[in-house]
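Engineer:
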Amino acid sequence: MEELIDGGALNGKEKITELLNRRHKERELHIQAAKLERQKDAEGTEALQYFELSFEEKVKQIRNTLDGVAASDQKAQVFADCQNEIYDLQRYLSSSTFFLNEYRIKVCQNTINELGKLLDTLRNELLPKKKFGFKSKKIVKMISDKDAKDREDGGQTAEKTGASAENHIKWTFSERAGEIIELRPAAVNDQTITASKLKNCLVRIEGHPGSLQFAQLDNCVVVCGPTARSIFLDDCTGCKFVVACQQLRCHRSRDCDMYLNVTSRAIIEDCSGIRVAAYNYRYENIEEDFRQSGLDLSCNNWHTLDDFNWLSTDKPSPNWSLLEGEQTIADWDSYLQRFQQQHSLASNQKHTSIVISVLSQASRTVRFFQAPVRAPEMRRAIPSRMAGMSPGLGGVSSTLAYFMNTLNFGRAWHSMPRPSQSQSQRSSTADRPNATQEVDEAHLITCMVKTILNLSINKSIIKRSDISHIALKGDSRLYTRLMPEVLFELESVYGYQLVDVESKGQKAMILCSTFETSSLDELSESYRRRYTFLFLILGYIFMKNGAVPEALLWDFLHSVGIEEQQEHECFGDPRKQFELFIKQAYLTRTKQSVEGMPEESVFLSWGVRAKHEVSKKAVLDAICKLMNRKPTDFKTQYIETQAETSESVEDDMDESE
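In the UniProt record's numbering, the protein residues as written are 1 to 657.
(1) At which residues does the alpha helix (DSSP H) containing Cys82 begin and terminate?
(2) Relative to the C-alpha of Leu587, which candidate in Gly572, His612 and Gln565 has its C-alpha closest?
(3) Alpha carbon to alpha carbon, how far is Cys245 from Gly207? Give it in angstroms, no decimals.
(4) For Gly116, which of helix, strand or coil comes out of DSSP?
(5) Taking only the alpha-carbon atoms, compute the straight-line gap between Lys616 and Phe634 and give it to the nearest angstrom.
(6) Could you give the distance in angstroms between the alpha-carbon of Glu182 and the alpha-carbon of Val221?
(7) Under three-state DSSP, which class holds Glu206?
(8) Assign Gln191 to one of two classes, buried (16 or more other C-beta atoms within 10 Å of its C-beta) or exposed (fewer than that).
(9) When you compare each of Met448, Phe339 and Leu118 to Gln83 by their alpha carbons, which one comes out closest?
(10) Could you check how far apart the C-beta atoms of Arg184 and Gly210 are, in whole angstroms? I think they sit under 8 angstroms.
(11) With a threshold of 16 other CB atoms inside 10 Å of the CB of Gly495, please say whether the residue is buried or exposed.
(12) Tell me where the beta strand (DSSP E) around Val560 begins and ends.
(13) Determine whether the Cβ of Ser476 lies closer than 8 angstroms to any Cβ atom of chain D.
(14) Classify Pro226 as buried or exposed, calling it buried when 16 or more other Cβ atoms lie within 10 Å of its own Cβ.
(15) Could you tell me which residues DSSP puts in a beta bridge with Ala251?
(16) Mind the definition here: the segment 469 to 489 touches the segment 437 to 453 only if three or more C-beta pairs lie below 8 angstroms; say whether that holds.
(17) Go ahead and pull the three-state DSSP assignment for Tyr259.
(18) Using the Cα positions of Leu53 and Leu498, report the straight-line distance between them to the nearest angstrom.
(19) At the level of alpha carbons, what is the spacing between Glu491 and Glu26?
(20) According to the neighbour-count rule (16 or more other Cβ atoms, all chains shown, within 10 Å of its Cβ), is Tyr103 buried or exposed?
(21) According to DSSP, simplified to helix, strand and coil, what is Cys245?
(22) With DSSP as the reference, label Glu491 as helix, strand or coil.
(23) Buried or exposed: which applies to Val614, given that a residue is buried once 16 or more other Cβ atoms fall within 10 Å of its Cβ?
(24) Of the choices Phe535, Ile105 and Cys256, whose alpha-carbon is the least far from that of Gln327?
(25) Let me make sure I understand the geometry here. Which of Gln90, Ala610 and Glu14 has the alpha-carbon closest to that of Phe51?
(26) In chain order, what residues of the same chain have a beta carbon less than 6 angstroms from the beta carbon of Lys58, not counting five sequence neighbours either side?
(27) Are the beta-carbon atoms of Leu322 and Ala266 separated by less than 8 angstroms?
(28) Report yes if the C-beta distance between Gln577 and Phe542 is below 8 angstroms; otherwise report no.
(29) Taking just the CA atoms, how far does His24 sit from Lys13?
(30) Who are the near neighbours of Gly273 in its chain, counting only those whose CB is closer than 6 angstroms to its CB and skipping five residues on each side?
(31) Mapping DSSP to helix, strand and coil, what is Phe173?
(32) May I have the straight-line CA-CA distance separating Ile105 from Thr480, to the nearest angstrom?
(33) Would you mind giving the Cβ-Cβ distance between Val548 and Leu604, rounded to the nearest angstrom? I have them listed as a contact below 8 angstroms.
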C-alpha cells in the first residue's frame with residue numbers, strides 16, 4: 001500500500017515538473033520571438049537610416065558635379081558620368097523599396113526625376129544639339145555625290161519621299177544580296193536602323209545609332225559602332241556581328257559569331273552554335289562615338305550569355321561558347337576585304353553606299369478621340385497622310401495601316417523572356433534548394449530571378465506567394481532578405497523592373513522593361529500588329545477622359561473595321577486579344593452606376609501596366625500630328641500630360657489662345 005502511494009506521488013511530481021518545464025520553454029520561445037522582432041525592427045531602422053544617408057550623399061555629389069559643369073572642359077563626359085550616376089541612384093532606390101514606405105519612395109523618386117530634368121536642361125544649354133531633319137533638297141544633295149546612275153535613282157527617291165518625310169515615314173533596307181551597305185554617322189546617330197532578308201552582304205555602320213534590328217540574315221557580316229540602347233537579332237544564320245550596346249537579344253539563330261561589348265548580359269533563345277568574343281572593331285573617332293552613346297566601357301559582359309533554353313546551373317549551355325585563339329578575328333580590315341573578294345561585292349554597284357535618313361518621332365503610343373474629336377473626323381484625316389506608306393500590310397484598313405507605319409513605342413513593348421513550358425516546370429522543381437543542403441543565397445537569388453522570368457512569360461501579374469512557394473518553399477523570411485538583390489539583378493543584368501500592384505485585393509507585381517524601344521521597327525511583325533490594336537483602345541480611352549463604357553469602345557472599333565465576334569485579317573481574334581490585355585493589366589474593367597440607367601454599366605480604363613509604361617504626352621503628340629491640331633486644342637488632355645512632368649501649363653495655354 002505504501003509502495004503504491006509512493007509511486008503515485010512520484011508520478012504526480014513528474015507531471016508537475018514536466019508541466020513547469022513546458023511552460024518555461026514556451027516563455028523562453030516567446031521572449032526569443034519578441035527579441036527577434038525587436039532586432040528586426042532595429043535592423044529595419046538601421047537600414048532606413050543608412051539608406052537616407054547614402055541617398056542624400058549621392059544626390060549631393062550629383063548636384064555639386066552639375067553645378068560645376070559649366071567650367072569644365074569635358075562637358076560631354078561630365079554629363080555622361082552624371083547620367084550613369086543617376087541610373088545607379090535609381091537602381092539603389094528600386095532595390096530598397098521593400099523597407100521604405102510609400103511616401104519615402106515617392107519623395108526619393110521625385111528627387112531623381114528633378115536631377116534628370118536638371119541634367120537635361122544643362123545639357124541643352126551647354127551642349128545644344130543641331131536639330132535633325134531633312135527635306136527633298138537635302139536628300140538630292142546627299143545622293144548627288146554618287147555616279148550618274150545613282151543621281152537618277154536619288155532624284156526619284158527624293159521625289160517619292162518628299163511627302164513621306166513630312167509624315168515621318170522611316171526608311172529601311174531589305175531583300176538585298178551580294179551588296180556592301182555603308183552607313184555614315186550623319187545618317188545614323190541616335191536613329192533606329194533596321195534590315196531584313198540580306199544574303200552575302202557586308203553592313204558597315206559608323207557612328208552611334210540608337211538601336212538596331214536585323215532579321216533573316218544569311219552569311220552576312222555586320223560591323224557597327226556603339227549602339228546606345230538595344231540590338232535585336234532574329235533568324236540569322238552563319239553571320240558575324242561586331243556590336244556594342246546596352247542590351248542584346250538573339251532569337252532563332254544558329255552558327256553565328258558575335259564580338260560583343262554589352263553592359264547587361266546578352267540573351268539568346270532557340271539558338272545554337274553561337275560563339276562570342278570581346279568587341280574589337282576600330283575606326284576613326286570611335287572613342288567619341290562611345291562617349292556620345294553613353295555606354296560604360298568598364299562594364300562588358302560579353303562572356304556571360306543567358307540561354308532561356310538552358311536552365312541548368314551546374315552545366316554550361318551547349319548552345320554557345322567562347323571564341324578562342326586563332327578562331328578570333330583580330331584584323332577586321334583584312335577580313336572584310338577577303339569577304340568582299342570571296343563574294344564578289346563590287347564597290348561600284350548601285351547600292352554600294354546606302355544613306356538612310358531617319359526621323360524619330362517622340363510618340364510612343366497611339367491614343368485618340370476625345371469628345372471634340374469624332375471618329376468620322378479622324379477617318380477623314382487619314383487618307384491625306386497615307387502617301388509613302390510602306391508595303392506589306394495588305395488588307396489592313398487605312399486607319400490601322402497609318403498607325404502601324406508611323407507610331408513608335410517606349411519601354412512598354414519589349415517582349416517578356418519566353419522559356420518553354422518544360423523549362424517552367426524544371427524551374428519549379430530542379431531549381432528549388434534541397435532542405436537538407438546548406439542554403440546558398442546566390443543559388444536562391446538565381447532561382448528567384450528565373451522564377452520571376454518564367455511567371456512573366458505572357459506579361460502576367462506575379463503573386464509574391466508564387467515566387468516564395470516555387471523558389472523558396474514558402475520561406476517568407478528568405479524572400480524579404482533576398483528580394484533587394486533579386487531586384488538589382490533583374491534590372492542591372494536583364495533590364496527589367498518589378499512594379500508593385502494590387503490584384504483582387506492581394507499584393508502582386510508586374511515585370512516591365514527598363515530599356516527604351518524607340519521605334520515600331522524594333523518589334524516583330526506579330527508584336528507590331530498586337531500593340532497597334534492595344535494603342536487603338538488606349539488612345540480612345542485617353543481621349544474620352546480616362547473611362548468609357550465597354551459597349552461604346554466596341555462601337556468605335558467597329559467603325560474602324562474591327563468586329564468583336566469576327567476574325568480580323570490583321571489582329572486575329574479581337575475579343576481574345578482584348579481579354580489578354582485585361583489579364584496583362586493594360587486595361588481595367590469595372591462596374592459603375594450611370595444616372596438614368598437601371599443597371600450598372602461596365603467601364604474600361606487604363607490598367608496599372610499602361611499607366612507605368614505609356615506616356616500620355618507622347619500619345620497626345622501623335623494624335624495632334626495625325627489631326628493637324630495643336631496639343632492645346634485638347635485642354636483637358638493637355639493639362640493631364642503636363643501633370644506627368646509636374647510642369648505648369650496655364651501660361652502656355654494663354655499664349656496659344
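Here a beta-carbon is modelled for each residue, glycine too, at the ideal position from N, C-alpha and C. Bear in mind that the values here come from a model prediction, so they are computed numbers and not experimental data.
Structural biologist: If we stick to the structure as given:
(1) In the sequence shown, counting from the first residue as 1, residue 82 sits at position 82. Its alpha helix (DSSP H) spans residues Lys75 to Ser94.
(2) Here residue 587 refers to the residue found at position 587 of the sequence shown. Leu587 has its Cα closest to that of His612, out of Gly572, His612 and Gln565.
(3) As a first step, residue 207 must be located in the sequence shown, where it is residue number 207. As a first step, residue 245 must be located in the sequence shown, where it is residue number 245. Each residue's alpha carbon lies about 13 angstroms from the other.
(4) In the sequence shown, counting from the first residue as 1, residue 116 sits at position 116. Residue state, collapsed to three classes: helix.
(5) One-based indexing of the sequence shown puts residue 616 at position 616. One-based indexing of the sequence shown puts residue 634 at position 634. Their Cα atoms are separated by approximately 13 angstroms.
(6) As a first step, residue 182 is located in the sequence shown; it is residue number 182 there, counting from the start. As a first step, residue 221 is located in the sequence shown; it is residue number 221 there, counting from the start. When rounded, the distance between both Cα atoms is 12 angstroms.
(7) Position 206 of the sequence shown, counted from the start, is the residue given in the question as residue 206. In the structure shown, Glu206 adopts coil according to DSSP, grouped into three states.
(8) Along the sequence shown, read from residue 1 onward, the residue named residue 191 stands at position 191. So Gln191 ends up on the buried side.
(9) Locating residue 83 in the sequence shown gives position 83, counting from the first residue. Gln83 has its Cα closest to that of Leu118, out of Met448, Phe339 and Leu118.
(10) In the sequence shown, counting from the first residue as 1, residue 184 sits at position 184. In the sequence shown, counting from the first residue as 1, residue 210 sits at position 210. Not quite, the Cβ-Cβ distance comes to about 15 angstroms (not below 8 angstroms), so this is no contact.
(11) For the purposes of this step, residue 495 is identified with residue 495 of the sequence shown, where counting begins at 1. Answer is buried; the Cβ neighbour count reaches 16.
(12) Position 560 of the sequence shown, counting from 1, holds the residue named residue 560. Val560 -> no beta strand (DSSP E), and no H or E assigned at all.
(13) Here chain D cannot be found, since the structure has a single protein chain.
(14) Counting from 1 along the sequence shown, the entry for residue 226 is found at position 226. So Pro226 ends up on the buried side.
(15) Here the question's residue 251 lines up with position 251 in the sequence shown. In the sequence on display, residue 251 carries His and not Ala. Paired residues: Asp234 and Glu269.
(16) Output reads yes: the segment 437 to 453 touches the segment 469 to 489.
(17) Start at 1 with the first residue of the sequence shown, and residue 259 comes out as number 259. DSSP places Tyr259 in strand when its eight states are reduced to three.
(18) Within the sequence shown, residue 53 is the residue found at index 53, counting from 1. Within the sequence shown, residue 498 is the residue found at index 498, counting from 1. Those two C-alpha atoms are separated by around 25 angstroms.
(19) For the purposes of this step, residue 491 is identified with residue 491 of the sequence shown, where counting begins at 1. For the purposes of this step, residue 26 is identified with residue 26 of the sequence shown, where counting begins at 1. One C-alpha to the other measures close to 44 angstroms.
(20) Numbered from its first residue, the sequence shown carries residue 103 at position 103. With fewer than 16 Cβ atoms within 10 Å of its Cβ, Tyr103 is classed as exposed.
(21) The residue given as residue 245 occupies position 245 in the sequence shown. It is a strand residue.
(22) Position 491 of the sequence shown, counted from the start, is the residue given in the question as residue 491. DSSP places Glu491 in helix when its eight states are reduced to three.
(23) Against the sequence shown, residue 614 aligns to sequence position 614. It is buried - the Cβ of Val614 has at least 16 other Cβ atoms within 10 Å.
(24) Working through the sequence shown from its first residue, we reach residue 327 at position 327. Per the Cα distances, Cys256.
(25) Taking the first residue of the sequence shown as position 1, residue 51 is located at position 51. The candidate whose alpha carbon is nearest that of Phe51 is Gln90.
(26) Mapped onto the sequence shown, residue 58 falls at position 58. So the qualifying residues of the chain are Leu89.
(27) Residue mapping note: residue 322 aligns to position 322 of the sequence shown, counting from 1. Residue mapping note: residue 266 aligns to position 266 of the sequence shown, counting from 1. Taking 8 angstroms as the cut-off, the beta carbon of Leu322 is found no closer than this to the beta carbon of Ala266.
(28) Locating residue 577 in the sequence shown gives position 577, where the first residue counts as 1. Locating residue 542 in the sequence shown gives position 542, where the first residue counts as 1. Their beta carbons are not under 8 angstroms apart, which means Gln577 does not touch Phe542 by this criterion.
(29) Locating residue 13 in the sequence shown gives position 13, counting from the first residue. Locating residue 24 in the sequence shown gives position 24, counting from the first residue. Cα-Cα distance, rounded: 16 angstroms.
(30) For the purposes of this step, residue 273 is taken as the residue at position 273 of the sequence shown. Counting only Cβ-Cβ distances below 6 angstroms, and skipping sequence neighbours, we find Arg254 and Asp255.
(31) Your numbering for residue 173 matches position 173 in the sequence shown. It is a strand residue.
(32) By one-based count along the sequence shown, residue 105 stands at place 105. By one-based count along the sequence shown, residue 480 stands at place 480. If you take the alpha carbons of Ile105 and Thr480, they lie about 17 angstroms apart.
(33) Looking up residue 548 in the sequence shown gives position 548. Looking up residue 604 in the sequence shown gives position 604. Contact holds; Cβ gap of about 6 angstroms.
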